[in-house]
Amino acid sequence: MNQPIIGFHQDEHGDWIADLACGHIQHVRHHPPWIVRPWVTTPEGRHERLGTLLPCRLCNDHTASSQSTESPLR
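In this note's numbering, each residue's number is its place in the sequence shown (first place is 1) plus 3.
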C-alpha cells in the first residue's frame with residue numbers, strides 16, 4: 004500500500020528514514036551504485052519529496068495477512 008512521506012529523521016547511523024502517513028517508517032538511503040537517492044542528502048531534496056508515495060511493506064504485510072485470516076461470509 005502506497006503511503007505519502009510526511010517527514011524525515013535520521014537513525015543512529017546517520018541514515019535517513021522517511022516517516023509515512025500510516026505511522027510506519029522506511030529507510031531512504033543514498034548508497035551508490037546500489038541505491039541512488041541523491042535528493043535525500045540535502046534539506047531541499049527531502050523537502051521536495053514530502054508527499055511522495057512510497058510502498059509501505061508493513062501495511063502491505065498487514066493487509067495481506069488480514070485478508071488471508073478473515074473467514075468467508077456464509
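For each residue, glycine too, the CB sits at the ideal point set by N, CA and C.
Computed from a predicted structure; not experimentally measured.
Query: GLY7: first and last residue of the uninterrupted beta strand (DSSP E) it sits in; Result: Before going on, a small fix: residue 7 reads as Pro here, not Gly. Start and end: 5 to 13.
Query: Identity of the residue in GLY17, GLU15, CYS25 and ASP18 nearest LEU9 by Cα; Result: With the sequence shown as reference, residue 9 is identified as Ile, and Leu is not the correct amino acid for it. The option with the nearest alpha carbon to ILE9 is CYS25.
Query: Of the listed residues LEU56, HIS30 and MET4, nearest to THR44 (C-alpha basis); Result: HIS30
Query: Three-way DSSP call (helix, strand, coil) for PRO46 in this model; Result: helix
Query: In DSSP terms, what ALA21 is bridged to; Result: PHE11 and GLN29
Query: Nearest to ARG60 (by Cα), restricted to the options LEU23, ARG49 and VAL39; Result: LEU23
Query: LEU57 versus TRP19 - alpha carbon distance; Result: 14 Å
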